[in-house]
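**Q** Below you'll find the structure I mean.
Residue numbers (my numbering): 72 to 398.
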């Protein structure tokens with residue numbers, strides 16, 4: 072009987088330890104574009120807080136929001152704002168969230184290193200990517216007679232990706248409106264590999280992945296509405312000239328999770344170290360004021376979104392800051 076009692080006590084102790092370990096895990100999922108930032112923050116945070124664990128998954132912005140709105144994760148990485156349908160799902164599950172912009176991205180269109188092109192227009196990209204292109208625009212010159220007479224091989228983000236949502240809205244005029252005969256992946260590294268190995272390939276992904284792989288692929292300058300072609304760069308994001316492929320990227324924090332000390336500590340650490348770590352992974356940091364707004368939003372429990380439940384194509388850093396300032 073005494074042994075049985077000791078066993079019960081031991082089991083209870085193990086259960087308590089296991090529960091404590093689980094309670095001290097910050098669960099994050101979502102965008103592969105935002106992943107490098109959040110991963111960098113998580114690594115630094117865990118160095119300073121060795122008793123806490125941060126898990127960062129990659130299921131795409133759309134796939135991540137499905138988990139987030141079921142209450143399965145504490146924080147959602149998002150390469151686009153939360154959409155109206157996702158807001159509805161969160162509300163139905165009783166999940167309130169705090170929206171925190173963390174950086175700007177220059178969504179980058181890339182080709183093989185040996186491709187003779189150095190620039191491309193949004194109009195030509197539309198001819199390649201719109202649904203009507205499937206089965207018809209099969210060679211580069213089908214989009215533009217000035218392009219090479221070579222097979223066109225396309226690589227892009229998968230349907231659960233916020234990058235796919237943003238790119239299609241910016242290029243074809245409607246989110247998720249795209250031809251289907253391209254190689255899709257939620258992992259940007261897979262797209263990098265695909266374009267780097269296929270001489271006639273074209274693809275797109277977040278700027279951090281381009282910066283990391285400039286030796287493998289060529290980034291194209293983008294022209295829009297008859298303007299001059301502008302190269303993807305931090306400077307061109309900040310001055311507002313790289314359009315319409317500049318975009319803010321976000322994390323969303325479950326308001327209930329924020330009551331947990333480990334989640335609050337991580338989110339605070341994220342905002343206080345964002346400028347340095349965003350720069351390190353080659354995205355464009357927001358002005359310091361933005362991170363101050365974010366800290367205040369968490370402290371005061373400001374739930375909801377300023378983005379209206381939709382992508383805002385062509386949004387500049389200055390315009391984002393104007394939205395942030397409206398409290």
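Glycine residues also receive a C-beta, built at the ideal position from the N, C-alpha and C atoms.
In this text the structure is predicted, and so the values were computed from the model without any measurement.
Three-state secondary structure (DSSP) at residue 203?
**A** For the purposes of this step, residue 203 is identified with residue 132 of the chain shown, where counting begins at 1. Helix, per DSSP.
**Q** Considering only residues of the same chain and omitting the five flanking positions on each side of residue 146, which have a CB-CB separation below 6 Å?
**A** Here residue 146 refers to the residue found at position 75 of the chain shown. So the qualifying residues of the chain are 99, 322 and 324.
**Q** Could you check whether the segment 304 to 319 touches the segment 129 to 145, counting it as contact only if at least three pairs of C-beta atoms, one from each stretch, sit closer than 8 Å?
**A** The segment 304 to 319, when compared against the segment 129 to 145, does not touch it at the 8 Å Cβ threshold.
**Q** Output needed for residue 101: all residues of its chain with C-beta closer than 6 Å, excluding positions within five of it in sequence on either side, in chain order.
**A** Within the chain shown, residue 101 is the residue found at index 30, counting from 1. Once the five neighbours on either side are set aside, the close Cβ partners of residue 101 are 132, 135, 147, 148 and 149.
**Q** On the criterion of 16 or more Cβ atoms from any shown chain inside 10 Å, does residue 247 qualify as buried, or is it exposed?
**A** Walking along the chain shown from the start, residue 247 turns up at place 176. Flag for residue 247 reads exposed.
**Q** Could you spell out the range, first to last residue, of the alpha helix (DSSP H) harbouring residue 352?
**A** Numbered from its first residue, the chain shown carries residue 352 at position 281. Taken as a continuous stretch (DSSP letters only), residue 352 belongs to no alpha helix (DSSP H), as it is neither H nor E.
**Q** Please report how far the alpha carbon of residue 114 lies from the alpha carbon of residue 231, in whole angstroms.
**A** If you number the chain shown from 1, residue 114 lands on position 43. If you number the chain shown from 1, residue 231 lands on position 160. Going from the Cα of residue 114 to the Cα of residue 231 covers about 26 Å.
**Q** Once you ignore the five residues that flank residue 94 on each side, which residues in its own chain have a CB closer than 6 Å to its CB?
**A** Locating residue 94 in the chain shown gives position 23, counting from the first residue. Reliability fails at residue 94, whose pLDDT of 49 lies under 50, so the model's placement of it is uncertain and the value that follows must be treated cautiously. Cβ within range, chain order: n/a, list empty.
**Q** Do residue 356 and residue 368 have their C-beta atoms within less than 8 Å of each other?
**A** The residue labelled residue 356 in the question sits at position 285 within the chain shown. The residue labelled residue 368 in the question sits at position 297 within the chain shown. Cβ atoms of residue 356 and residue 368: not closer than 8 Å.
**Q** Taking the alpha carbon of residue 202 as the reference point, which residue from 186, 295 and 252 has its own alpha carbon closest?
**A** Position 131 of the chain shown, counting from 1, holds the residue named residue 202. Among 186, 295 and 252, the Cα nearest to that of residue 202 belongs to 252.
**Q** Since residue 168 sits in a beta bridge, which residues does DSSP pair it with?
**A** As a position in the chain shown, residue 168 is number 97, starting the count at 1. 325.
**Q** Less than 8 Å between the C-beta atoms of residue 274 and residue 226, yes or no?
**A** Taking the first residue of the chain shown as position 1, residue 274 is located at position 203. Taking the first residue of the chain shown as position 1, residue 226 is located at position 155. Yes, Cβ-Cβ distance for residue 274 and residue 226 is below 8 Å.
**Q** Assign residue 401 to buried or exposed, taking buried as 16 or more other Cβ atoms, counted over all protein chains shown, within 10 Å of its Cβ.
**A** Residue coverage of the chain in this structure runs from 72 to 398, which leaves residue 401 outside it and unanswerable.
**Q** Looking at C-alpha atoms only, which residue of 298, 386, 229 and 293 is the closest neighbour of residue 103?
**A** Here residue 103 corresponds to residue number 32 of the chain shown, with the count starting at 1. The option with the nearest alpha carbon to residue 103 is 229.
**Q** Which of helix, strand or coil does DSSP assign to residue 270?
**A** Position 199 of the chain shown, counting from 1, holds the residue named residue 270. Looking at residue 270 - three-state DSSP - the assignment turns out to be coil, as it is neither helix nor strand.
**Q** What residue does the alpha helix (DSSP H) around residue 233 start on, and which one ends it?
**A** If you number the chain shown from 1, residue 233 lands on position 162. Where residue 233 is concerned, the enclosing alpha helix (DSSP H) stretches over 233 to 242.
**Q** So is residue 363 buried or exposed if we call it buried at 16+ other beta carbons inside 10 Å?
**A** Counted from its first residue, the chain shown places residue 363 at position 292. Exposed is the call here.
**Q** So for residue 365, helix, strand or coil by DSSP?
**A** For the purposes of this step, residue 365 is identified with residue 294 of the chain shown, where counting begins at 1. Helix, per DSSP.
**Q** Pair every Cβ in the segment 278 to 286 with every Cβ in the segment 332 to 348, then say whether three or more of these pairs are closer than 8 Å.
**A** With the cut-off at 8 Å, the segment 278 to 286 and the segment 332 to 348 do not touch.
**Q** Among the residues of its own chain, which have a CB less than 6 Å from the CB of residue 78, if the five just before and after it don't count?
**A** Counting from one through the chain shown, the residue named residue 78 turns up at place 7. With a pLDDT of only 46 at residue 78, under the threshold of 50, the placement of this residue in the model should not be trusted, and no figure is reported.
**Q** In this structure, what does DSSP give as the bridge partners for residue 216?
**A** Indexing the chain shown from 1 puts residue 216 at position 145. Its beta-bridge partners do not exist; DSSP assigns none.
**Q** Quick test of the definition: if touching needs 3 or more C-beta pairs under 8 Å, does the segment 287 to 300 touch the segment 185 to 192?
**A** Segments in contact, yes.
**Q** What span of residues does the beta strand (DSSP E) with residue 156 cover, start to end?
**A** Counted from its first residue, the chain shown places residue 156 at position 85. Element bounds for residue 156: not the beta strand (DSSP E) but the alpha helix (DSSP H), 155 to 163.
**Q** So which of 395, 292 and 374 has the shortest CA-CA distance to residue 327?
**A** Within the chain shown, the letter at position 256 stands for residue 327. The option with the nearest alpha carbon to residue 327 is 374.
**Q** Using the C-alpha atoms, what's the distance from residue 140 back to residue 166?
**A** Numbered from 1 along the chain shown, position 95 holds the residue referred to as residue 166. Numbered from 1 along the chain shown, position 69 holds the residue referred to as residue 140. Distance between the alpha carbons of residue 166 and residue 140: 6 Å.
**Q** For residue 366 and residue 358, what's the separation of their Cα atoms in angstroms?
**A** On the chain shown, residue 366 is found 295 positions in, with the first residue counted as 1. On the chain shown, residue 358 is found 287 positions in, with the first residue counted as 1. C-alpha separation (whole angstroms): 14 Å.
**Q** Contact check, residue 196 vs residue 182 under 8 Å by CB: the rounded distance?
**A** One-based indexing of the chain shown puts residue 196 at position 125. One-based indexing of the chain shown puts residue 182 at position 111. Not quite, the Cβ-Cβ distance comes to about 12 Å (not below 8 Å), so this is no contact.
**Q** For residue 394, which three-state DSSP category applies?
**A** Here the question's residue 394 lines up with position 323 in the chain shown. Three-state DSSP puts residue 394 in a helix.
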